[in-house]
């Protein structure tokens with residue numbers, strides 16, 4: 308969710324520690340929020356780092372069309388950053404000096420969205436100066452076709468940095484969570500002797516502990532008395548080892564422009580899942596066309612540059628393709644990541660979901676896979692999926708491994724918040 312200029316300035320001023328009295332500190336913060344154009348009422352003059360921070364904010368949120376001839380504005384901050392490459396490069400350096408990374412990313416998005424600076428990202432010098440994040444990756448992917456050859460290598464380096472950071476953050480927990488889920492789903496209740504998991508069998512049968520009578524003292528000199536045993540009424544066994552995958556995962560990802568962050572995260576998770584030998588993972592992206600990127604899953608950067616953000620949405624066509632690739636319905640999990648704004652045939656889409664579920668497929672519908680707040684989505688379609696037993700909800704990257712584990716084990720999904728449900 309984008310912040311307003313005032314919210315951004317208020318947040319950023321928290322970094323500067325001030326020894327001023329509370330009233331003076333409050334005026335200082337209001338001065339930073341309102342900018343120089345409205346500073347007369349605060350009576351506060353900024354110096355040192357505060358002045359430098361205010362200058363960086365003013366370059367983005369002050370001036371522009373709202374300026375009066377004498378240089379004073381009409382009140383509040385408004386867009387006014389010049390579009391020349393040298394000034395933008397200096398500004399990018401300044402904000403990285405004075406603000407934390409999270410604020411820098413907000414200000415960069417504001418500069419791109421409010422001032423139309425996307426074209427500057429086609430210059431290598433600009434890309435080297437920006438703070439890489441998921442939203443920047445989405446912007447670069449949308450500009451891919453217009454990007455000159457001199458810029459593409461720099462753009463790939465920026466995307467790779469973000470992807471590697473995400474993999475470091477998400478891979479270990481994803482592997483651990485899903486490996487445990489796969490182990491549990493593979494256990495059998497009638498194992499052969501060599502396949503018995505004795506540790507779990509004993510724990511599962513502790514309630515069946517029996518105390519045996521004391522042995523005959525005449526025949527067991529030195530015995531300490533009664534003994535006991537566990538009667539294994541229920542055996543727990545390991546699944547038999549197999550070189551084949553235990554579960555098939557199909558990630559079906561909407562690549563319309565509004566789903567940019569979800570595409571980035573889905574590509575990273577797709578690469579992680581594909582690296583697990585016990586899973587067979589397929590990645591399908593779609594708009595009005597359907598593209599299977601499974602062969603590129605060994606490198607999520609290649610996957611991302613194989614997408615084409617923007618365009619319409621035909622969920623029914625994408626699900627038809629995914630359905631045609633399912634060979635083991637009872638061992639398949641289909642994850643649809645989409646805001647559900649269907650441009651195709653709605654009734655056919657719902658029939659396909661119902662048919663897949665009836666055949667034994669575990670179907671998961673995610674309205675978004677990102678760190679953002681509640682997404683915009685088609686409430687009618689989400690309610691229809693919920694009625695089919697496939698509730699649609701937004702999911703953060705940190706929750707995604709738990710969602711997949713639940714789907715693999717065929718237990719209720721950990722829906723994070725009721726507000727995401729239709």
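Residue numbers (our numbering): 308 to 729. We put the beta carbon where it would ideally sit given N, CA and C, even for glycine. Since the model is a prediction, treat every value here as computed from it, not as a measurement.
query: Applying the criterion that 16 or more other CB atoms from any shown protein chain within 10 Å of the CB defines a buried residue, is residue 509 buried or exposed?; result: exposed
query: What are the boundary residues of the beta strand (DSSP E) that includes residue 554?; result: 554–561
query: Name the residue from 515, 538, 630 and 665 whose alpha carbon lies nearest to the alpha carbon of residue 558.; result: 630
query: Is it true that the CB of residue 576 sits closer than 8 Å to the CB of residue 703?; result: no
query: Just mark residue 538 as buried or exposed, buried being the case when its beta carbon has 16 or more other beta carbons within 10 Å.; result: exposed
query: Quick check: the Cα distance between residue 451 and residue 356, rounded to an integer number of angstroms?; result: 38 Å
query: Please tell me whether residue 569 has its Cβ less than 8 Å away from any Cβ of chain D.; result: Of the protein chains in this structure there is only one, and it is not chain D.
query: For residue 675, does the three-state DSSP call read helix, strand or coil?; result: strand
query: Under 8 Å Cβ to Cβ from residue 569, same chain only, skipping five residues before and after it: list those, please.; result: 560, 561, 644, 673, 675, 676 and 677
query: Cα-Cα, which of 640, 599 and 651 is closest to residue 619?; result: 651
query: Does DSSP classify residue 381 as helix, strand or coil?; result: In this predicted model, residue 381 has a pLDDT of only 38, less than 50, meaning its place in the structure is not dependable enough to derive any value.
query: Does the distance from the C-beta atom of residue 689 to that of residue 647 stay below 8 Å?; result: yes
query: May I ask which residues mark the beginning and end of the alpha helix (DSSP H) holding residue 722?; result: Run containing residue 722: none; DSSP gives neither H nor E here.
query: For the alpha helix (DSSP H) containing residue 599, list its first residue and its last residue.; result: Run containing residue 599: none in the alpha helix (DSSP H); it sits in the beta strand (DSSP E), 597–599.
query: Please state whether the Cβ-Cβ distance between residue 586 and residue 610 is less than 8 Å.; result: no
query: Whose CA, out of 358, 448 and 429, lies closest to the CA of residue 612?; result: 448
query: Can you name the residues that DSSP bridges to residue 587?; result: 555
query: Anyone know if the C-beta pair for residue 658 and residue 697 falls short of 8 Å?; result: no
query: Using CA coordinates, which residue listed in 694, 700 and 440 is at the minimum distance from residue 681?; result: 700
query: Skipping 5 residues on each side, what residues in its chain have a beta carbon closer than 7 Å to that of residue 466?; result: 444, 447, 608 and 611
query: Determine which residues share a DSSP beta bridge with residue 536 and list them.; result: 517
query: Looking at the secondary structure, which residues open and close the alpha helix (DSSP H) in which residue 580 lies?; result: 567–581
query: What is the rounded straight-line gap between the Cα of residue 432 and the Cα of residue 671?; result: 42 Å
query: What residues match up with residue 639 in a beta bridge as DSSP calls it?; result: 555
query: Over the uninterrupted alpha helix (DSSP H) stretch that includes residue 612, give me the two end residues.; result: 607–612
query: Going by the CB atoms, is the gap between residue 715 and residue 485 shorter than 8 Å?; result: yes
query: Give the straight-line distance between the Cα atoms of residue 459 and residue 437, rounded to the nearest whole angstrom.; result: 15 Å
query: To the nearest angstrom, report how far apart residue 556 and residue 692 are at their CA atoms.; result: 19 Å
query: Assuming residue 579 contacts residue 478 (C-beta within less than 8 Å), just tell me the rounded distance between them.; result: 5 Å
query: Please give the ranges of any beta strand (DSSP E) in the segment 415–455, keeping only runs that are unbroken, at least 3 residues long and fully inside the region.; result: none
query: Could you check where the alpha helix (DSSP H) with residue 707 kicks off and where it finishes?; result: 707–716
query: Does DSSP put residue 470 in a helix, a strand or coil?; result: helix
query: Contact defined as beta carbons within less than 8 Å: I believe residue 625 pairs with residue 597. What is the distance between those atoms, to the nearest angstrom?; result: 5 Å
query: From residue 367 to residue 464, what distance separates their C-alpha atoms?; result: 27 Å
query: Flag this pair as yes or no: are the beta carbons of residue 403 and residue 413 separated by less than 8 Å?; result: no
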